[in-house]
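Q: One structure, as structure tokens, below. Some questions next.
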Amino acid sequence: MAERTHSGERLGYALGVFSVGLGLTQILAPAGVARAIGLKDDETTRKTMRAFGFREAATGIGLLSRPNHAEFAWGRVAGDAIDLALLGRALRSEDSRPNRVAAAMAAVAGVTVLDLLASSRLRRQENGRGRDTENGGLSQANRGIEVRKAITVNKPPEEVYGFWRNLENLPQFMVHLESVQVLDARRSYWKARAPLGATVEWTAEITEDIPDRLLAWQSVEGTQVPNFGHVEFKPAPGDRGTEVHVHLRYDPPGGSLGATIAKLFGEEPSVQVDGDLRRLKQVLEVGEVVHSQASIHRGPHPAQESGE
Amino acid sequence: MKATCWEGKRRIRVKDVPDPKILNSRDAIVRVTSTAICGSDLHLLNGYVPTMERGDILGHEFMGEVVEVGRAIKSLNVGDRVVVPFPIACGNCNMCQRDLWSLCENSNPNAWMANKLWGHSTAGMFGYSHLTGGYAGGQAEYARVPFADVGPLKVPSGLSDDQALFLSDIFPTGYMGAEMCNIRGGDVIAVWGAGPVGQFAIASAKLLGAERIIAIDRFDYRLELARTRAGATDIINYEQTNVLETLNELTGGRGPDACIDAVGLEAHGPSAMYAYDRTKQALMLETDRPIALREAIMACRNGGIVSVIGVYGGFIDKFPMGSVMNRSLTIKTGQTHVHRYLKPLLQHIERGDIDPSFVITHRMRLEDAAEAYDMFLHKRDGCEKVVLKT
């Protein structure tokens, strides 16, 4: 195991041991852990704690068995994000002791930094070893966020392309877009909601336009959130309509740490794009975005009509 | 309005909540006249289905009168009496057009949750967690019905609520379970579970021409109902008899031609297997207890069909895949494509081939839903099926 001399791997190994230890403690003594970090010790907490213990131990075992693989380290980062989000919720709950919860949050945040460090170091090593070649042309190391998603729409390509090409239609199904304003044949002005109530705006230009087949765009120089992408429209096999393939890249404000923080607030980019494509399908197939009593609200809401 | 709300594990309360509103142009609002508690509601009650929120309105078996329609609805009028299928389906997507209505690609706004648990999503469903859309259910005075031009079936005035209500779920579910068995004359069908869905699987197997139908349960009153009303020719109480041995005896050592699992994820069993699965479930090492499913697989004749209509939520353990593979078994399953069965089964009812009301043992008021759930859960007072009236 000569490769273990890499610093990312050593850190990965140490985090692995830590994970297995913490995981087993959570499984075997959930009540103790809950009290130690200031959470109300009830059945729900204990169950959640055990579930988290299993997750923790599993990523730990993954890290220990393959300490030179970034996936498990990124798994830990994602896990940390969940922990922080839940602790954040606990902080607002009346049943918890805020001081201890805050201390636990600080501890988890510290571990998150270590996790980020380990995974980005591992990622750089992977890139150096020639892995991840598929996106080699696009991604310089791990900067930015890349999303690929596809959906099949039960309509012919010309109809799907035509709807998308009218860019001012996009906010109908892309929930984070406030508006798109077409400036001229190539340029358009976009306004979008960002995490924590912020707004981002940019000008985009179309870089390639093949009617009924492909549309590519990129933000013009000097925007807050540099982004580019393309969408391809392909006839689906077996008369099933059109496959819509979206490929997006953007650099979020704050780099990868910013992206992690965004995820913390529930803004997971691939889930977001997936949802947007499902809404595109709804708009084209049934004529509007489909709502349930819960989904019409942003954030959790019980399946009943709201009060107002 | 009054509605039956999930307030946490094993906590049901009938509460005053805001009336439903039209949210999409193809919606209708139905004033519920009759609604039933389904065995699968007990999985929600017991907390085995993830993504429930406090305050969720339960219920996916309901019928009533249309009181309001969205602007795109032309096929229904205010005053129409309708029964509503439990899966919500748009009629426009590829799955709906292939007659696979419970897999509608547009009706689950929370598809991303289902994608995480199941790989891909099902259709949205009424009152059945947020994983299947977060739609308010029908155990209430009013319900919003999306895609009302596709789902609801107008009920002829000659039929009572009690006769038509079960077209919403359990009659088509039992029927699909039997249909998946490809029954031919002379076939022997075994049905695990003599709850309401099992009863309709038995009755449907009979309609489809099975020669012998064997019902398996642990409650004698349910087995008796299966024998006297649904059409079972033989019954097995698994707490008193070894199921595999008895089935072999009843079928000349070959096993039933097809086995229907109408039990699902909360199976009971007399054996050590029950303790094993209960423990694994409690430790969250598996989500579902597949005791009936394992037995159905082991019992089935070589080259036979195992038809699964009992509900499973997530993951099972010790699945006898060797038995399935080496003995050329076919497993068929699915949430019921109710829309497909509405008209044919309505005809069976109108012709008098079957009166679905035979499963009803209790009629109660919506206000008493909490008590009804408790009675159904604990099988008190010979409870087979509860219908709630508003």
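From first to last, the protein sequence lines are chains A and B. So for the first sequence, our numbering puts the first residue at 1; every next one is plus one. So for the second sequence, our numbering puts the first residue at 1001; every next one is plus one. The beta carbon of each residue, even a glycine, is placed where N, CA and C say it ideally should be.
According to the neighbour-count rule (16 or more other Cβ atoms, all chains shown, within 10 Å of its Cβ), is E1350 of chain B buried or exposed?
A: Classification of E1350 of chain B: exposed, given that the 10 Å Cβ count is below 16.
Q: Can you find the residues in the same chain that come closer than 6 Å, C-beta to C-beta, to H1378 of chain B, ignoring five residues on each side of it along the sequence?
A: none
Q: If you drop the 5 nearest sequence neighbours on each side, which residues of the same chain put their C-beta closer than 7 Å to that of L1250 of chain B?
A: I1214 and D1234
Q: Name the two residues that bound the continuous beta strand (DSSP E) containing Y1142 of chain B.
A: Secondary structure note for Y1142 of chain B: its beta strand (DSSP E) is the uninterrupted segment Y1142 to V1145.
Q: Starting from the beta carbon of K1021 of chain B, find every residue of chain A whose beta carbon is closer than 8 Å, and list them in chain order.
A: E305
Q: Under three-state DSSP, which class holds D1257 of chain B?
A: Look at D1257 of chain B here: in three-state DSSP terms it is coil, with no helix or strand label.
Q: Can you pull the chain A neighbours of G1055 of chain B, defined as C-beta to C-beta under 9 Å?
A: H301, P302, A303 and Q304
Q: Identify the contact partners of W1112 of chain B in chain C, using a Cβ-Cβ distance below 7 Å as the criterion.
A: In the structure shown, chain C does not exist; the protein chains are A and B.
Q: Could you tell me the boundaries of the beta strand (DSSP E) in which M1364 of chain B lies?
A: H1362 to R1365
Q: Let me know the secondary structure DSSP gives S1034 of chain B once reduced to three states.
A: strand
Q: Name the DSSP beta bridge partners of D1056 of chain B, please?
A: B:W1006
Q: Spell out whether any CB of chain B is found under 8 Å from the CB atom of N169 of chain A.
A: no
Q: With a threshold of 8 Å between beta-carbons, can T133 of chain A be considered close to chain B, or not?
A: Low local confidence applies: a pLDDT of 35 at T133 of chain A is under 50, so the model's placement there is unreliable, and no value is given.
Q: Within a Cβ cutoff of 8 Å, which residues of the same chain sit near A1372 of chain B, ignoring the five residues on either side of it in sequence?
A: I1037, H1362, M1364, V1386 and L1388
Q: Would you report the Cα separation of F1166 of chain B and G1124 of chain B, rounded to the nearest angstrom?
A: 19 Å
Q: Consider the Cβ of Q293 of chain A: report whether some Cβ of chain B lies at a distance smaller than 8 Å.
A: yes
Q: Examine chain B for any beta-carbon lying closer than 8 Å to the beta-carbon of K149 of chain A, and answer yes or no.
A: no
Q: Does the beta-carbon distance from D1277 of chain B to I1297 of chain B come in below 8 Å?
A: no
Q: Against chain B, does R240 of chain A count as a neighbour if the rule is that its beta carbon must be under 8 Å from one of theirs?
A: yes
Q: By Cβ distance below 6 Å, which residues in the same chain neighbour F173 of chain A in space, the five residues on each side in sequence not counted?
A: D276, R279, L280 and V283
Q: Using the beta-carbon count (16 or more within 10 Å), is M1325 of chain B buried or exposed?
A: exposed
Q: Who does H247 of chain A pair with in a DSSP beta bridge?
A: A:R148 and A:H230
Q: Going by C-alpha to C-alpha distance, which of B:A1258, B:G1255, B:K1280 and B:D1257 sits closest to L1265 of chain B?
A: B:K1280
Q: For a contact defined as C-beta to C-beta under 8 Å, what are the partners of I296 of chain A on chain B?
A: The contact set of I296 of chain A on chain B, defined by CB atoms closer than 8 Å, consists of L1023 in chain order.
Q: In the segment 1255-1294 of chain B, which residue ranges form an unbroken beta strand (DSSP E) of at least 3 residues, counting only runs that do not cross its ends?
A: 1258-1261
Q: Please go through the same chain and pick out, in chain order, the residues whose beta-carbon is closer than 6 Å to the beta-carbon of S1025 of chain B, but skip the five residues on each side of it.
A: G1070, R1071 and A1072
Q: Assess contact between the segment 1099-1116 of chain B and the segment 1324-1338 of chain B, defined as three or more Cβ pairs (one per stretch) separated by less than 8 Å. Is contact present?
A: yes
Q: Please name the residue in A:P226, A:V20, A:V286 and A:E288 whose C-alpha comes closest to that of A204 of chain A.
A: A:P226
Q: Would you check if the segment 1171-1179 of chain B and the segment 1299-1311 of chain B touch, i.e. whether three or more CB-CB distances between them fall below 8 Å?
A: Yes, the segment 1299-1311 of chain B is in contact with the segment 1171-1179 of chain B.
Q: Alpha carbon to alpha carbon, what distance is there between R1031 of chain B and N1046 of chain B?
A: Roughly 28 Å between the two C-alpha positions.
Q: Please name the residues in the segment 1096-1111 of chain B whose beta-carbon is closer than 8 Å to at least one beta-carbon of chain A, in chain order.
A: Listed by position, the residues of the segment 1096-1111 of chain B near chain A (Cβ gap below 8 Å) are Q1097, E1105, N1106, S1107, P1109, N1110 and A1111.
Q: For T25 of chain A and G32 of chain A, I'd like the C-alpha separation in whole angstroms.
A: 9 Å
Q: Suppose only complete runs of 4+ residues qualify. What are the alpha helix (DSSP H) ranges in the segment 1071-1116 of chain B, listed by chain order?
A: 1094-1097
Q: Is there a Cβ from chain B that is less than 8 Å from the Cβ of K281 of chain A?
A: yes
Q: Whose C-beta lies closer than 6 Å to the C-beta of A1201 of chain B among residues of the same chain, with five residues either side of it excluded?
A: G1174, G1177, A1178, V1191, I1260 and A1262
Q: I need the straight-line Cα distance from R1010 of chain B to L1244 of chain B, nearest angstrom please.
A: 34 Å
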